[in-house]
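Here is the structure we will look at.
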C-alpha cells in the first residue's frame, strides 16, 4: 500500500502595498514536500537568494524610492515544478504638494499688488476665476514668489475672486487663494 504526499507551493504575502519611499520586505515561500525541487525567482527588483530551512524559505526584496508622482507595479515570479506564483507590489507615487504663504488676500478698490510665496514639488499653473486678477508668473515649479495683481474695481460693490494653483501633471487643484 503506497502513500501519497500532499504538495503545495505558496508565498506570503501575495501582494505588498509600498510607499513612495520604498523599503525592504520579507517574503516567505512554503513548498510542502519540496524534496529538493528547484524554485526560481524572477524580478527586476533587487532581492536576496532564497534561504531554505526544510520546506520553508525566505527572501528579502528591496523596493526602491519612487521619485515620480505616478504609481508603479512590480511583479516577482516564483517558479517551481508545480507552476508559477506571482507576488505583486503596488507602489504609490509621491504626493503632489504645493504650499502658499497666504490663502486670503485683501484688495483695495483702486487695485492692488501682492507677492505670494509658492513652494511645490510639481510643475504648476495658476487659473483665476475672474478676469480682474492676474498672476505673474502664471506657472512654475519649486520655490518662487508670484505677483498677484488686482485691477481697479469700477463699482462700489464688493467682489470676490479665486486663484487656483493646479498640477500640470494631473490638473488637480493643489492650493487656492481667495481675493
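In the working numbering, the protein residues as written are 1124 to 1302.
For every residue, glycine included, the Cβ atom is placed at its ideal position computed from N, Cα and C.
Residues 1165, 1207 and 1209 of the same chain have their beta carbon placed closer than 6 Å to that of residue 1200, with the five preceding and five following residues left out of the count.
Residue burial annotation: residue 1182 is buried, with at least 16 other C-beta atoms found within 10 angstroms of its C-beta. The beta carbons of residue 1239 and residue 1224 sit about 6 Å from each other, so the pair counts as a contact at 8 Å.
Three or more beta-carbon pairs separated by less than 8 Å link the stretch 1292-1302 to the stretch 1212-1226, which places the two stretches in contact. Under the three-state reduction of DSSP, residue 1191 is assigned to coil, being neither helix nor strand. Taking a contact as a CB-CB distance under 8 Å, the pair residue 1147 and residue 1180 does not count as one, their CB atoms being some 17 Å apart. In this structure, DSSP gives residue 1203 an extended state, which the three-state scheme calls strand. In the structure shown, the three-state DSSP call for residue 1287 is strand.
Counting along the chain, residue 1267 sits inside the beta strand (DSSP E) bounded by residues 1266-1273.
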